[in-house]
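Engineer: The numbering used here applies: residue 7 is where the sequence shown begins, and numbers increase by one. Note that CB positions come from ideal geometry on N, CA and C, so glycine has one too. There's a structure below that I have some questions on.
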Amino acid sequence: MLDLVLASAHHLAVFTLVAVFAAEFVLLRPGLSGARISQLARVDAAYGAVAGAVVVVGVIRVIFGAVGWEYYVSNQLFWAKMAAFLVVGLLTIPPTMTFRRWAKAVATQPDYAPPEREIVANRRFIHLQAGALLLIPIFAAAMARGFEG
7 MLDLVLASAH
17 HLAVFTLVAV
27 FAAEFVLLRP
37 GLSGARISQL
47 ARVDAAYGAV
57 AGAVVVVGVI
67 RVIFGAVGWE
77 YYVSNQLFWA
87 KMAAFLVVGL
97 LTIPPTMTFR
107 RWAKAVATQP
117 DYAPPEREIV
127 ANRRFIHLQA
137 GALLLIPIFA
147 AAMARGFEG
């Protein structure tokens, strides 16, 4: 029963992460200004919090789940999945720092609009994150079918 609860919690956290990522993807568009910037900063903060939940639940699942730690530690696909998640995490840093800077600007200047080149540059990071995110379920599906890499 514990394994079912942990697997369900992990999957729900991952689906939530993807939903929040999609919201960020949609909000970061040319013409962004004012209240939308504040909304983007809040969505980005939620993205970080949900990513943290994915990690915490995932670690608990690895330690206490039915499969056991030994399976994961020796599985190259597990480590590939972890590497992809790490890459996504690293790719979030520049946009997060930018969104915080923009939100501070909006706090003092409500009609602030970031330069178009900054929006484009941060969209590139979001696109790269999307590519790395796509690898995670592929690695997970291979693991679920007994592949070890």
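What are the boundary residues of the alpha helix (DSSP H) that includes LEU139?
Structural biologist: That run of the alpha helix (DSSP H) goes 122 to 150.
Engineer: Figure out for me which residue from LEU140, LEU141, TRP108 and LEU139 has the closest Cα to the Cα of ILE125.
Structural biologist: Per the Cα distances, TRP108.
Engineer: So with Cβ pairs under 7 Å, would you call ALA72 a contact of chain C?
Structural biologist: Included in the structure is just one protein chain, with no chain C present.
Engineer: Is it a yes or a no for the stretch 76 to 86 touching the stretch 144 to 154, going by three-plus beta-carbon pairs under 8 Å?
Structural biologist: Counting Cβ pairs under 8 Å, three or more are found: they touch.
Engineer: What's the call for THR104, buried or exposed, on a 16-neighbour Cβ count within 10 Å?
Structural biologist: Result: buried.
Engineer: Closest to MET149 by C-alpha separation, out of ALA138, LYS87, ARG130 and PRO121, would be which residue?
Structural biologist: Of the listed residues, the one whose Cα sits closest to MET149 is LYS87.
Engineer: Give the range of the alpha helix (DSSP H) segment to which ASP9 is assigned.
Structural biologist: ASP9 -> alpha helix (DSSP H) spans 8 to 33.
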